[in-house]
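Participant:
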Amino acid sequence: MTQATNVKNLSLYHFQACPFCARTRQVIDLLGLDIPKKDTRLKPAYRTELVQQGGRSQVPCLKIETLDGQTEWLYESSDIIKYLRANADILSELNTQTA
Ligand SMILES: N[C@@H](CCC(=O)N[C@@H](CS)C(=O)NCC(=O)O)C(=O)O
């Protein structure tokens with residue numbers, strides 16, 4: 002798992018009606034994290050990106066880009082939530098980009 006201190010940018014692939022996405026968005030809000038969200042139903046190009054680069058169309062998926070140019074695609078809401086909760090202090094310092 003990517004060290005939070007090595008994270009450059011995060012984004013969440015999701016869609017509104019997905020309950021697992023809703024749970025993940027709720028935790029992001031509770032933790033006060035500013036993570037750009039990419040709705041794969043509103044913008045099919047995001048779904049294509051997710052499938053081609055992440056390997057699966059399943060949402061939610063957290064895209065983790067690192068300072069050394071690597072990208073990790075973290076699937077499963079429980080794993081995403083666990084990662085965000087464990088690293089919230091460090092991740093809240095991130096200068097996130099707009100989706
Ligand atoms: N166990 C997964 C379930 C996620 C899931 O079932 N997502 C659905 C939407 S609610 C999905 O992406 N379905 C489309 C697909 O798998 O391609 C989680 O907790 O994240």
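With the working numbering applied, the sequence shown covers 2 to 100. Virtual Cβ for every residue (Gly too), placed ideally from N, Cα, C. This structure is a prediction, so every number in the text was calculated from the model and none was measured.
Could you give the first and the last residue of the continuous alpha helix (DSSP H) run that contains residue 67?
Facilitator: Careful: residue 67 lies outside any alpha helix (DSSP H), inside the beta strand (DSSP E) at 62 to 67.
Participant: Relative to the C-alpha of residue 44, which candidate in 78, 92, 91 and 17 has its C-alpha closest?
Facilitator: Nearest of 78, 92, 91 and 17 to residue 44, Cα basis: 17.
Participant: To the nearest angstrom, how far is the alpha carbon of residue 81 from that of residue 68?
Facilitator: Computed Cα separation, rounded: 19 Å.
Participant: Does residue 49 come out as helix, strand or coil in the three-state DSSP assignment?
Facilitator: Of the three classes helix, strand and coil, the one that applies to residue 49 here is helix, per DSSP.
Participant: Sort 54, 20, 60 and 31 by Cα distance to residue 41 and report the nearest one.
Facilitator: Closest by alpha carbon: 60.
Participant: Quick one: using the 10 Å Cβ neighbour count with 16 as the cut-off for buried, is residue 93 buried or exposed?
Facilitator: It counts as exposed.
Participant: For residue 47, which residues from the same chain have a beta carbon less than 8 Å from its beta carbon, with the 5 sequence-adjacent residues on both sides left out?
Facilitator: Result list for residue 47: 14, 39, 40 and 41, in chain order.
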